[in-house]
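Enquirer: I am attaching a structure below and will ask some questions about it afterwards.
In this note's numbering, the protein residues as written are 138 to 239.
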């Protein structure tokens, strides 16, 4: 675990909120948690931040430019080069899902 290695979403809980809403995808890069940048932070610190975030968490993610390309199909260097700048927040999709449940 290196502090400057990027952190990517490797899997989602089947049927979980992110899976149902499409707000997060496998291959997305995690940039910040609750407004705190993950730049220079190791995976263990990101995990601790998520575990201590309480009931609500805000994630800033970057999505691959070509979301149809899977990391297994490309070499690591090619796959990492396909990331676009951060996309706008998808909080509204999650909020919309939460409000429909009540």
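C-beta: ideal position from N, C-alpha, C; glycine also.
DSSP three-state call for residue 211: helix, strand or coil?
Expert: Confidence is the limiting factor: at residue 211 the pLDDT is only 43, short of 50, which leaves the residue's position unreliable, though a coordinate-based value still follows. Residue 211 falls in the coil class under three-state DSSP.
Enquirer: Could you please give the first and the last residue of the uninterrupted alpha helix (DSSP H) stretch that includes residue 157?
Expert: It spans 154–158 - the alpha helix (DSSP H) in which residue 157 sits, taken as one unbroken run.
Enquirer: Give a yes or no on whether the minimum CB-CB distance between residue 151 and chain D is below 8 Å.
Expert: Absent from the structure: chain D. Only one protein chain is present.
Enquirer: When the Cα of residue 187 is compared with those of 198, 171 and 179, which residue comes out closest?
Expert: Here the closest residue by C-alpha is 171.
Enquirer: Measuring alpha carbon to alpha carbon, tell me which of 159, 193 and 184 ends up nearest residue 168.
Expert: The residue with the shortest Cα to Cα distance from residue 168 is 184.
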